[in-house]
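Colleague:
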Amino acid sequence: MSTGAALSFEGSSLVAPDCNYGGKISAIRATDEHTVTFTMCAADPAFEAKAAFVSFGIQPSEHLATVGTTKDILTNPIGTGPFKLDAWNRGDSIILKRNDGYWGNKSPYETLVFRWSTSGAGQLNELRSGTVDQISTLSPDDFDAVKNDPDLQFLPQSGPNTLYLGMTNTFEPFNNVKVRQAIAMGIDRQRIVDNYFPDGSEVASHFTPCTIPNGCAGEAWYGFDPVAAKALLAEAGFPEGFKTKIYYRDVFRTYLPEPSTMAVEIQSQLKAIGIDAEVSPMESGEFIGQASAGNLDGFYLLGWGADYPHITNFLDYHFGKDTKQFGASIPEIHEALTKGSSIANVDEAKPVYEQANNAIREFVPMVPISHAAAGSAARSYVKNANYRPFGAKQFSTVDPGKDTMIVMQNAEPISLYCGDESDGESTLVCTQITETLLDYAQDSGEVVGGLATGCEANADATEWTCHLREGVKFTDGSAFDANDVVASYAAGIDVSNPSHVGNTGAFDYFSSLWGLMNAPAQ
């Protein structure tokens, strides 16, 4: 880089009026062309793990200033990744082409195609027939058949996950904590795991899997006790139970392999304690949007797969102060989470997370059901088809031995602007196109370099300085620099930014993991 180029660079910045808005970030500054400094409102030891998550992908500042201000951003992503969007054939497929100008290791094949099917059996049939090369989810009933088929390979998925039964406490009768506690005791979670999940799955003792440090600090969840559940419902004023709905999206997921079957099982269990719940499937995008906004008047089945190996990923996203999913936030939970998120030492943080987990148990915003063992499959000729424990699969590392790789996932993406999406089908495609400052290793939860070679903290983790790779180009030909980082984060974090549009406008990951600046008063 010439001295003249360095002198001509004008760095942009995003600065919060103050830290009273409740978020993590005080300022983001492009201190030079290839350096970005994040000044935090308090210590954030999980900064690197969060900065590697796909929702914080970087797009060109010029692109965000134009397309980002409209819904066109949803179907027009510009990234630095190993692939670029070629076509989105609605209802059928998404076609990506290799980015021949990619700064890293280029894909060994030219075309990556995503198709989708909500049926696990349907996915496996296509894989067996050879019309697809890899599938996202395999029904537990088919694990052994795939392992014994010489034309296929079984792909274990080891990332921690949780299935839960959600409720929204702004609707009656879910605004009554005794009702929620009764439901916690009225669900036979062991029966669900024994009958619907593969070997190696576990009944959830806590919302966060125990493999995550401090995930299982505090008391274990309620045991199954339908007699006590009925008595507590009567004490809450519902001796004859009540009528409601169970919402779900009919999308095959790692944590929920057979959604409709599971919904009927929950329906049957609730009936046994006097609750008449109508099963109500919803379209995937509408379901996620309504659930995130806290608009579902009834029960709903949802789950979570780990994005990064830190308890903030599970708890802050779901139970933070600004999260609307379960209705009104609960101070006994979110105040502990705010405190815990600033403590770097796991042992020092343990008492705080005991407090948070015990409050989740006491107030029952949802019922954690299971941590599922899971697997998928690929044709035997596909090399390096294995999944990494954290982060979405990077298909540029796969070699199908031909020019085109066809992947079948569980649903059509909601959009390809993942700053404002949380569904795995969207983020899987986004991961191929846009990149983040940091990344996750292929075989562990270790954070490695991405668009930044690394980010370093000051002594108390209140300032993080990220050093960007030089010579990186976006697929539109523009050069990547520090202003693109500031613009991409500002579009997600700053509610007053013209590019803070997205799909639903919720920007759930930005909200829960960083906090939203300049949000209007509630």
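166 is the number that this note's numbering gives to position 168 of the sequence shown; each next residue is one higher, with no gaps.
No residue lacks a Cβ here, since even glycine has one placed at the ideal position from N, Cα and C.
#1: By the three-class DSSP mapping on this structure, what secondary structure does residue 254 have?
#2: Mapping DSSP to helix, strand and coil, what is residue 386?
#3: Does residue 570 come out as helix, strand or coil in the three-state DSSP assignment?
#4: Following the continuous alpha helix (DSSP H) through residue 502, name the residue where it begins and the one where it ends.
#5: Spatial neighbours of residue 324 within its chain, please: CB distance less than 8 Å, with the 5 preceding and 5 following residues excluded, ordered by chain position.
#6: From what residue to what residue does the alpha helix (DSSP H) around residue 183 run?
#7: Can you give me the C-alpha to C-alpha distance between residue 156 and residue 233, rounded to a whole angstrom?
#8: In chain order, which beta strand (DSSP E) runs of at least 3 residues are fully inside the region 114 to 201?
#9: For residue 87, list the residues DSSP reports as bridge partners.
#10: When the Cα atoms are used, what is the spatial distance from residue 148 to residue 379?
#11: Whose C-alpha, out of 202, 87, 169 and 308, is nearest the C-alpha of residue 185?
#12: Touch check for the region 321 to 336 and the region 209 to 224: three-plus C-beta pairs under 8 Å?
#13: In whole angstroms, what separates the C-alpha of residue 492 from that of residue 516?
#14: Leaving out five residues before and five after residue 21 in sequence, what residues of the same chain have Cβ atoms less than 8 Å from its Cβ?
#15: Measuring alpha carbon to alpha carbon, tell me which of 504, 467, 505 and 395 ends up nearest residue 110.
#16: Only counting the same chain, and skipping five residues up and downstream in sequence, which positions put a Cβ closer than 6 Å to that of residue 280?
#17: Is DSSP giving residue 52 helix, strand or coil here?
#18: Using C-beta distances below 6 Å, list every residue in its chain close to residue 509, excluding the 5 sequence neighbours before and after it, in chain order.
#19: Here's a check: name, in chain order, each residue in its chain whose Cβ is nearer than 7 Å to the Cβ of residue 46, leaving out the five neighbours to either side.
#20: Would you list the one or two residues that DSSP bridges to residue 39?
#21: Are the CB atoms of residue 330 and residue 114 within a distance shorter than 7 Å?
#22: Please go through the same chain and pick out, in chain order, the residues whose beta-carbon is closer than 6 Å to the beta-carbon of residue 3, but skip the five residues on each side of it.
#23: Label residue 494 either buried or exposed according to how many other C-beta atoms from any shown protein chain fall within 10 Å of its C-beta, with 16 as the threshold for buried.
#24: May I ask you to report which of helix, strand or coil DSSP gives residue 522?
#25: Give me the residue from 376, 80, 190 and 7 with the minimum Cα distance to residue 123.
#26: Which stretch, first to last residue, makes up the alpha helix (DSSP H) that contains residue 246?
#27: For residue 285 and residue 213, which I take to be in contact (beta-carbon distance under 8 Å), what is that distance rounded to the nearest angstrom?
#28: Would you kindly report the start and end of the unbroken beta strand (DSSP E) that includes residue 558?
#29: Which residue spans inside the region 458 to 485 form an unbroken beta strand (DSSP E) run of at least 3?
#30: Tell me which residues share the same chain as residue 369 and place their Cβ nearer than 7 Å to its Cβ, disregarding the 5 neighbours each side in the sequence.
#31: Any contact of the region 21 to 37 with the region 468 to 488, i.e. 3+ C-beta pairs under 8 Å?
#32: Going by beta carbon distance, what residues of the same chain come within less than 6 Å of residue 470, once the five residues before and after it are set aside?
#33: Quickly, what does DSSP pair residue 453 with across the bridge? List them, please.
#34: Using a Cβ-Cβ cut-off of 6 Å (strictly less than) and excluding sequence neighbours within five positions of residue 341, which residues of its own chain qualify?
#35: Between 481, 447, 130 and 351, which has its C-alpha nearest residue 215's C-alpha?
#36: Measuring CB to CB, does residue 301 end up less than 7 Å from residue 268?
Modeller: In brief:
#1: On the sequence shown, position 256 is the one that residue 254 refers to. Residue 254 falls in the coil class under three-state DSSP.
#2: Within the sequence shown, residue 386 is the residue found at index 388, counting from 1. Coil at residue 386, not helix or strand.
#3: Not covered by the structure: residue 570. The range shown for the chain is -1 to 520.
#4: Along the sequence shown, read from residue 1 onward, the residue named residue 502 stands at position 504. Where residue 502 is concerned, there is no enclosing alpha helix (DSSP H), given that its DSSP letter is neither H nor E.
#5: As a first step, residue 324 must be located in the sequence shown, where it is residue number 326. Counting only Cβ-Cβ distances below 8 Å, and skipping sequence neighbours, we find 164, 165, 166, 167, 292, 316, 317, 363 and 364.
#6: Position 185 of the sequence shown, counted from the start, is the residue given in the question as residue 183. Counting along the chain, the alpha helix (DSSP H) containing residue 183 begins and ends at 175 to 184.
#7: Taking the first residue of the sequence shown as position 1, residue 156 is located at position 158. Taking the first residue of the sequence shown as position 1, residue 233 is located at position 235. In a straight line, the C-alpha of residue 156 is about 42 Å away from that of residue 233.
#8: 150 to 155 and 159 to 164
#9: By one-based count along the sequence shown, residue 87 stands at place 89. Answer is 91, bridged to residue 87.
#10: Numbered from 1 along the sequence shown, position 150 holds the residue referred to as residue 148. Numbered from 1 along the sequence shown, position 381 holds the residue referred to as residue 379. So the alpha carbons of these two residues sit roughly 10 Å apart.
#11: For this step, residue 185 is matched to residue 187 along the sequence shown. Nearest option by C-alpha distance: 202.
#12: no
#13: Here residue 492 corresponds to residue number 494 of the sequence shown, with the count starting at 1. Here residue 516 corresponds to residue number 518 of the sequence shown, with the count starting at 1. Roughly 6 Å between the two C-alpha positions.
#14: Along the sequence shown, read from residue 1 onward, the residue named residue 21 stands at position 23. So the list reads 14, 39, 491, 512, 513, 514 and 515, once near-sequence residues are dropped.
#15: As a working note, residue 110 is residue 112 in the sequence shown. Answer by Cα proximity: 395.
#16: Position 282 of the sequence shown holds residue 280. So the list reads 245 and 247, once near-sequence residues are dropped.
#17: For this step, residue 52 is matched to residue 54 along the sequence shown. If DSSP states are grouped into helix, strand and coil, residue 52 belongs with the helices.
#18: Working through the sequence shown from its first residue, we reach residue 509 at position 511. Excluding positions up to five away in sequence, the list reads 320.
#19: Numbered from 1 along the sequence shown, position 48 holds the residue referred to as residue 46. Closer than 7 Å at the Cβ level, and outside the excluded window around residue 46, lie 436, 445 and 453.
#20: Against the sequence shown, residue 39 aligns to sequence position 41. Residue 39 pairs with nothing; no bridge assigned.
#21: The count along the sequence shown starts at 1 and reaches residue 114 at position 116. The count along the sequence shown starts at 1 and reaches residue 330 at position 332. No, they are not a contact pair.
#22: Within the sequence shown, residue 3 is the residue found at index 5, counting from 1. Unreliable positioning characterises residue 3 in this predicted model, as indicated by a pLDDT of 48, which lies under 50. The coordinate reading is nonetheless provided below. Closer than 6 Å at Cβ, skipping near neighbours: no residue.
#23: Residue 494 sits at position 496 when you count from the first residue of the sequence shown. When all chains shown are included, residue 494 counts as exposed.
#24: Any property of residue 522 remains undetermined from this structure, which presents the chain solely from -1 to 520.
#25: In the sequence shown, the residue the question calls residue 123 occupies position 125. Taking only the C-alpha atoms, the option nearest residue 123 is 376.
#26: Translated into the one-based positions of the sequence shown, residue 246 becomes position 248. Run containing residue 246: none in the alpha helix (DSSP H); it sits in the beta strand (DSSP E), 241 to 247.
#27: Residue numbering aside, residue 285 sits at position 287 when the sequence shown is read from its first letter. Residue numbering aside, residue 213 sits at position 215 when the sequence shown is read from its first letter. So it is not a contact: roughly 26 Å between Cβ atoms.
#28: Any property of residue 558 remains undetermined from this structure, which presents the chain solely from -1 to 520.
#29: 461 to 466
#30: As a working note, residue 369 is residue 371 in the sequence shown. Counting only Cβ-Cβ distances below 7 Å, and skipping sequence neighbours, we find 158, 159, 160, 199, 200, 202 and 207.
#31: yes
#32: In the sequence shown, residue 470 corresponds to position 472, counting from 1. Closer than 6 Å at Cβ, skipping near neighbours: 78, 101 and 478.
#33: Stepping through the sequence shown from its first residue, residue 453 is reached at position 455. According to DSSP, residue 453 bridges with 464.
#34: As a working note, residue 341 is residue 343 in the sequence shown. So the qualifying residues of the chain are 347.
#35: Locating residue 215 in the sequence shown gives position 217, counting from the first residue. Among 481, 447, 130 and 351, the Cα nearest to that of residue 215 is on 351.
#36: In the sequence shown, the residue the question calls residue 301 occupies position 303. In the sequence shown, the residue the question calls residue 268 occupies position 270. The answer is no: Cβ separation not under 7 Å.
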